[in-house]
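Report on one structure; see the data block that follows.
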Amino acid sequence: MEKGSFSVEWLAQSSRGGAPEMSGSPPQTPPSVPADTPRDREAAERRSPGREAEPVGTAPGRSRTKFSAAQLQELERSFREQRYIRAGEKRRLAAALNLSQSQIKTWFQNRRMKFKRQTQDAR
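Residue numbering for the sequence shown follows my numbering, starting at 519 and increasing by one per position.
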């Protein structure tokens, strides 16, 4: 093995604490044994006892924002006027609705996708 070149197998083994394979052939793993990847470890942790099952793809510790009826009404009104929100309007809405600018931006992105799906379905 050349100095400075790392194989995928070597990196995988070194991250698990195992000795790197120095032979030119990759380690032989039976097809029935799943690969030990970070994703596999995360899935196993989610299934472990004592932890509640989380839907795949959710950020840990971040719950879904539940908008109030008043917030939704103001966001929808703003969306009807302009589908793409400007920075000033985003700041104004965030302050008025007690939401972060990121939440406003994300709501508009999601609302545009919903609008796109609705218009495509109507065809």
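In this text, a Cβ means the ideal position worked out from N, Cα and C, and glycines have one as well.
Fair warning: this is a prediction, and the values are worked out from it, not measured in the lab.
Exposed or buried, what is residue i when buried is set at 16 or more other beta-carbons lying within 10 Å of its beta-carbon?
i, result
"Phe633", "exposed"
"Leu611", "buried"
"Ser525", "exposed"
"Ser596", "buried"
"Gln589", "buried"
"Gln638", "exposed"
Output the boundary residues of the alpha helix (DSSP H) element that contains residue i.
i, result
"Gln591", "587-599"
"Lys623", "619-640"
"Arg610", "605-615"
Between residue i and the rest of its own chain, which residues show a CB-CB distance below 8 angstroms, the 5 nearest in sequence each way excluded?
i, result
"Arg609", "Gln619"
"Glu599", "none"
"Lys623", "Ile603, Lys608"
Could you check whether residue j and residue i sit closer than 8 angstroms to each other, using their CB atoms as the reference points?
i, j, result
"Ala614", "Glu594", "no"
"Arg641", "Arg601", "no"
Closer than 6 angstroms by C-beta to residue i: which residues in its own chain qualify, once you throw out the five before and the five after it? Chain order, please.
i, result
"Ile603", "Phe626"
"Glu607", "none"
Taking 7 angstroms as the limit between beta carbons, can you name the residues of its chain near residue i, skipping five residues before and five after?
i, result
"Gln636", "none"
"Thr583", "Gln621"
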